[in-house]
Amino acid sequence: MRNNSVMANETTLDENGHAVSSGWITVYHVDASTREYLGNSQEYLLVGTGIPADSYADTPELPGTGQALCRTTDGQQWEYVPDYRGVTAYHTETREPFTVASLGELPAFATLQAPSSEFDVWSGKEWVTDKDVQKQAEIIAAQRDQGLRLETATTRIQMLGDAVELNMATDDEVAALNAWKAYRVLLNRVDVNAAPDIDWPEAPAV
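Start counting the sequence shown at 397; every next residue gets the next number (my numbering).
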């Protein structure tokens, strides 16, 4: 590296990449695998020697937002490469999010657009909600909800019914039994195919 306390001549490279004279030169380093620009340094070259590996002498221009500066595969020039690293992308088959970790264009299976629901499918350009699948899922959810409500009602009816059958029920318990029975009737009349727009009957407070 250059010692700023020592004055020295600068040098340039000939067509073969060798120093035309002994001296200092600014070189620009890239990552050996990704070819991404890492930074520059001042190197002292003896006449006839070349610059360090994975380094170049031509000055690059720094990229704008969303791009990375890289060396082309053939090493002949600088290029700008899309840089989505750290950005959340979505798998177009599974809708699963993932964090982009590498340089370059997004994989063919990825998009930066976030799906709006678990029923979205990728059209090739955008997410489209599969209404049929969504409707079926809503019906299944309503059936499950109806079953849980009926289970609760049946449990209460059985408990209150025991008191009535044994002539041990109070007036309030008799009224509660009738209320739960009426509630269960209304539950059975619910059309789950109307999901998600279902007006569920209100359960008795007792």
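Glycine included, each C-beta is placed from N, C-alpha and C at the ideal position. Computed from a prediction, not measured in an experiment: that's the story for all the values here.
Kindly indicate which three-state DSSP category L441 falls into: helix, strand or coil? strand
Exposed or buried, I536, counting other C-beta atoms within 10 Å across all chains shown (16 or more means buried)? exposed
Nearest candidate by alpha-carbon position, reference V426, set L409, D454, E406: D454
Based on the DSSP output, what are the partners of N405 in its beta bridges? Bridge partners of N405: none, in fact.
Express the C-alpha separation of D516 and E547 in angstroms, rounding to a whole number. 33 Å
Are L544 and W576 closer than 9 Å when you measure CB to CB? no
Tell me the rounded alpha-carbon separation between G419 and L465. 27 Å
What distance in whole Å lies between the Cβ atoms of A506 and T525, which are believed to be in contact at a cut-off of 8 Å? With a Cβ gap of about 20 Å, T525 and A506 do not count as contacting.
When the Cβ atoms of the segment 496–503 are set against those of the segment 462–481, are three or more pairs found closer than 8 Å? yes
DSSP state of V602, grouped into three classes? coil
What residues in its chain sit with their C-beta under 6 Å from that of W518, if we drop five residues either side in the sequence? T488
Between P421 and L441, which are expected to be in contact by the criterion C-beta below 8 Å, what is the C-beta distance as a whole number of angstroms? A quick correction: the sequence has Ile, not Pro, at residue 421. I421 to L441, Cβ: 6 Å. Contact.
Just verifying my parser: in three-state terms, what is the DSSP assignment at G435? strand
Please confirm whether A591 and A538 have their CB atoms less than 9 Å apart. yes
Go through its chain and collect everything with a Cβ distance to A510's Cβ below 7 Å, but skip five positions before and after it. Y486
Can you give, in chain order, each stretch of the beta strand (DSSP E) that sits fully within the segment 456–533 and has at least 3 residues? 463–467, 474–478, 484–487, 493–495, 516–518, 523–525
Please return the same chain residues whose Cβ sits closer than 7 Å to the Cβ of L583, not counting the five positions on each side in sequence. Q542, R545, L546, A549, P597
First through last residue of the alpha helix (DSSP H) which encompasses V588: No alpha helix (DSSP H) holds V588; DSSP gives it neither H nor E.
Y424 and P459 closer than 9 Å at C-beta: no
Whose CA, out of T430, R431, G444, S451, lies closest to the CA of Q438? S451
Compute the Euclidean distance between the alpha carbons of R585 and Y579, then round it to the nearest angstrom. 10 Å
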